[in-house]
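First comes the structure, then the notes that go with it.
2 protein chains.
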Amino acid sequence: MSEQAAWPLDDRGAAYGDGLFETILVRGGRPLLWDEHLARLARGCHVLGIPMPAEHDLAAPLAEAGPGLEVLKLTLTRGSGGRGYRPPAAPEPRLRWQLADFAPAESRWQTGVRVRHCRLRLASQPLLAGIKHLNRLENVLARAEWNDDAIAEGLLRDDAGRLVEATAMNLFWQRAGRLETPHLARCGVAGTLREALISRLDIHEVEAGDEALTNAEAVWLGNSVQGVWPVVCLDDAAGVERRRWSLGVTHRTFQAEAHALLGYPCP
Amino acid sequence: MSEQAAWPLDDRGAAYGDGLFETILVRGGRPLLWDEHLARLARGCHVLGIPMPAEHDLAAPLAEAGPGLEVLKLTLTRGSGGRGYRPPAAPEPRLRWQLADFAPAESRWQTGVRVRHCRLRLASQPLLAGIKHLNRLENVLARAEWNDDAIAEGLLRDDAGRLVEATAMNLFWQRAGRLETPHLARCGVAGTLREALISRLDIHEVEAGDEALTNAEAVWLGNSVQGVWPVVCLDDAAGVERRRWSLGVTHRTFQAEAHALLGYPCP
């Protein structure tokens, strides 16, 4: 694992979560979905009012990458300065990176995963929806709701009970032959794999509650690092099983589209 | 200014805002409202599942304090470890502190302040309401809404238009002779000065919209570092003046109660 110097004590990222991050799959030094990662980071910079770094600065850590599969984590903060919450007039953003060897959870591609509903409801903050900012306490608290390693992920709903995402992955399903994923206008992170799939497939962004999953022919979780996991079992927040799915060709077709973008095999 | 070593790159505070902070007024090495700060930190630790440090560790930086007025900032994170958002089973919290000379904005005690409504609406997240966690992007974005130094603070409402707080201070008013402050069950930070005043005065925690201020005889902002600022002018989010107040004995009485707790004079 290579990484850089630490965060100064007065960095606004450490003080207020005043920054953004991207977690990028790297194969043989080549970043996957790089354009989507740059686009999301730029969107976050625009929302927060942080100057977007030059692409060559963001790509510089790739020179340290080895021949295998790695994950590059880029963290960009507003830097130091300002007075309390007040941001400095001319922020000097601070960029740090970590590069680590990576192996995806291949067995989850093959056999699918069991997931559960989380009790925590995501708060609605349209200003911050979609971007990958550093205020992630909701994700941390949701992920702390279970310890059973047989549960791969937890599904998150908003305060009105609408499905949003999983703690670290986006959510997709097929209902009546139609591919759908939650609309992320109020909360949630718009994953780069989700963006890439929406631009390539006929995926509808919808507002939907639990009934969407109850009625779904197939459900998947996915992100740009792990690829796509078919969901084979859904528990409620009390751990009671609510629905099972058998893996079929529908599951594999969607997975193949996603994995082609990441250089992963079709299970 | 004395301070400690930096944050490691893998610290969860820097990565996710997975931690808490306290900002404490210190006079001649003696912390003000210390019990209230400890109580809020303990409440935050309980909510986030972070072990509460021993009081002597939290108080250790006070040994570095000089004879004058200073502000001690304590930041406590869940430390390193865990896997992604998943917290480590046995977190080893990391405590850092900064101690800086301080002078309160005395002229604001005397002449009062002009404030404005912010456009940003605070998201409702009951799980995190009241505690002083490190996910403060809403405060940063709200504080970035204005640059005019004549505006001392911005008032924040929730998504239903209920008054909550100011970006870095709590809000109080008197209406029909009754002291009131917003209920903080859904969002906002329960300031230590607010806690101390509620336990000493007959202050009612209420749900109220803008009409509470329109009808108020007096309005104040306060926190444990700056003391209490009477509000003499309120602008809306477009900068249009909505209401003015003349300073009177009501303002000074409340201010005197608060300033007695902080060792500040009664203006």
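Going down the list, the sequences are from chains A and B. Anchor point for the first sequence: position 188 equals 187 in numbering that gives the first Met the number 0, and the numbering is continuous, going up by one each time. Anchor point for the second sequence: position 36 equals 35 in numbering that gives the first Met the number 0, and the numbering is continuous, going up by one each time. Note that CB positions come from ideal geometry on N, CA and C, so glycine has one too. Nothing here was measured: the structure is a model prediction, and the numbers come from that model.
Proximity test, residue i beta-carbon vs the ligand MN heavy atom, cut-off 6 Å
i                 : result
ASP234 of chain A : Absent from the structure shown: the ligand MN. Ligands present: none.
Contact belief for residue i with residue j at Cβ below 8 Å, rounded distance in angstroms
i                 : j                 : result
ALA13 of chain B  : ALA195 of chain A : With a Cβ gap of about 28 Å, ALA13 of chain B and ALA195 of chain A do not count as contacting.
LEU183 of chain B : VAL163 of chain B : 7 Å
ARG11 of chain B  : SER79 of chain B  : 7 Å
GLY48 of chain B  : PRO87 of chain B  : Not confirmed; about 10 Å, so no contact.
ALA128 of chain A : CYS186 of chain A : 5 Å
VAL230 of chain A : VAL218 of chain A : 4 Å
ARG118 of chain A : GLU144 of chain A : 6 Å
ALA293 of chain A : ALA5 of chain B   : It is not possible to answer for residue 293 of chain A, since the shown part of chain A is limited to 0 through 266.
ASN134 of chain B : ASN134 of chain A : 4 Å
HIS132 of chain A : LEU136 of chain B : 6 Å
Residue closest to residue i, alpha-carbon to alpha-carbon, out of the options
i                 : options                                  : result
ALA38 of chain A  : A:ARG120, A:ARG29, A:PRO52 and A:ARG26   : A:PRO52
GLY28 of chain B  : B:ASP100, B:GLU21 and B:ARG85            : B:ASP100
GLY65 of chain A  : A:ASN222, A:ILE150, A:ARG118 and A:LEU98 : A:LEU98
GLY18 of chain A  : A:ARG113, A:GLU91, A:VAL25 and A:ARG243  : A:GLU91
ARG156 of chain A : A:ASP9, A:ARG115, A:THR249 and A:LEU178  : A:ARG115
LEU75 of chain A  : B:GLY226, B:LYS131 and B:LEU8            : B:LEU8
GLU179 of chain B : B:ARG193, B:ALA159 and B:ILE202          : B:ILE202
GLY226 of chain B : B:ALA257, B:ALA237 and B:ALA236          : B:ALA257
LEU171 of chain A : A:TYR263, A:GLU137 and A:GLY221          : The amino acid occupying residue 171 of chain A in the given sequence is Phe; Leu does not appear at that position. Considering only alpha carbons, the answer is A:GLY221.
PRO103 of chain B : B:VAL239, B:SER223 and B:ALA236          : B:SER223
GLU216 of chain A : A:ALA236, A:ARG242 and A:ALA237          : A:ARG242
GLY247 of chain A : A:LEU31, A:GLY111, A:SER79 and A:LEU68   : A:GLY111
ILE197 of chain A : A:GLU35, A:ALA4, A:HIS55 and A:TRP6      : A:GLU35
ARG251 of chain A : A:CYS232, A:TRP228 and A:ALA236          : A:TRP228
GLY83 of chain B  : B:ARG177, B:GLY16, B:LEU136 and B:ASP209 : B:GLY16
ALA266 of chain A : A:TRP108, A:LEU94, A:ASP209 and A:GLU137 : Rather than Ala, the amino acid found at residue 266 of chain A in this sequence is Pro. Looking at the Cα atoms, A:TRP108 is the closest of the given residues.
ALA236 of chain B : B:LEU200, B:ASP147 and B:ASN169          : B:ASP147
LEU212 of chain B : B:ALA62, B:PRO181, B:LEU136 and B:GLU54  : B:PRO181
PRO60 of chain B  : B:LEU40, B:GLY81, B:TRP244 and B:LEU94   : B:LEU94
GLY238 of chain B : B:ASP56, B:TRP33, B:TRP244 and B:ILE150  : B:ILE150
ARG77 of chain A  : A:LEU40, A:PRO264 and A:VAL70            : A:LEU40
GLY176 of chain A : A:ASP209, A:PHE253, A:HIS55 and A:VAL188 : A:PHE253
VAL70 of chain B  : B:ASP209, B:TRP33, B:GLY81 and B:GLU54   : B:TRP33
Within chain A, partners of residue i - CB distance below 7 Å
i                 : result
ASN134 of chain B : GLY16, ASN134 and LEU136
VAL139 of chain B : TYR15, ASP17, TYR84 and PRO86
Partners in chain A for residue i, counting only beta-carbon separations shorter than 8 Å
i                 : result
LEU12 of chain B  : Note on identity: in this sequence residue 12 of chain B is Gly, with Leu being the wrong assignment. Within 8 Å Cβ-Cβ: ALA13.
LEU154 of chain B : Under the 8 Å cutoff, chain A gives no residues; its nearest Cβ is about 14 Å from LEU154 of chain B.
ALA211 of chain B : Under the 8 Å cutoff, chain A gives no residues; its nearest Cβ is about 23 Å from ALA211 of chain B.
ALA143 of chain B : GLY48, ARG85 and PRO86
Chain B contact residues for residue i, given Cβ-Cβ distances below 8 Å
i                 : result
ASP158 of chain A : SER123
Sequence-distant residues of the same chain with beta carbon closer than 7 Å to residue i, five excluded per side
i                 : result
LYS72 of chain A  : PHE20, THR22, TRP96 and GLN97
ASN214 of chain A : ARG174
GLU240 of chain B : CYS232 and ASP234
LEU200 of chain A : LEU178 and GLU256
Residues of its chain near residue i, where Cβ-Cβ distance is below 8 Å and the 5 sequence neighbours each way are ignored
i                 : result
ALA126 of chain B : The amino acid occupying residue 126 of chain B in the given sequence is Leu; Ala does not appear at that position. If we look at LEU126 of chain B and ignore the five residues flanking it on each side, its Cβ neighbours are VAL46.
ALA165 of chain B : VAL114, GLU152, GLY153, LEU154, LEU155 and LEU220
ASP158 of chain B : ARG120, LEU121, ALA122 and SER123
LEU31 of chain B  : ILE23, LEU24, VAL25, SER223, LEU260, LEU261 and GLY262
ARG42 of chain B  : GLY129 and ILE130
THR249 of chain B : GLN173, GLU216 and ALA217
ALA167 of chain B : ASN138, ARG142, GLU152 and ASN222
ALA207 of chain B : ARG161, LEU162, GLU179 and PRO181
Neighbour list for residue i in chain A, Cβ cutoff strictly below 9 Å
i                 : result
LEU200 of chain B : What LEU200 of chain B touches in chain A: nothing, since even the nearest Cβ is about 27 Å away.
Close Cβ partners of residue i (< 6 Å) along its chain, the five nearest in sequence each way excluded
i                 : result
CYS44 of chain A  : MET51
ARG26 of chain B  : LEU68 and GLY262
TRP244 of chain A : VAL231
VAL188 of chain A : LYS131
GLY81 of chain A  : PRO87
GLY190 of chain A : ASN169 and ASN222
Contact set between residue i and chain B, taken where Cβ atoms lie within less than 9 Å
i                 : result
THR166 of chain A : GLY83, TYR84 and ARG85
ALA5 of chain A   : ALA4, ALA5, TRP6, PRO7, LEU8, ASP10 and ALA13
LEU61 of chain A  : Those within 9 Å of LEU61 of chain A in chain B number zero; the least Cβ separation is about 18 Å.
Residue i at chain C interface by Cβ criterion, 7 Å
i                 : result
ALA215 of chain B : You won't find chain C in this structure, because its protein chains are A and B.
Proximal residues of chain B, C-beta to C-beta of residue i below 7 Å
i                 : result
LEU126 of chain A : LEU119 and LEU140
Residues of the region 29–47 of chain B with Cβ closer than 9 Å to any Cβ of chain A, in chain order = VAL46 and LEU47
What residues in the region 94–111 of chain B bring their beta carbon closer than 8 Å to a beta carbon of chain A?
-> Listed in sequence order: ARG95 and GLN97.
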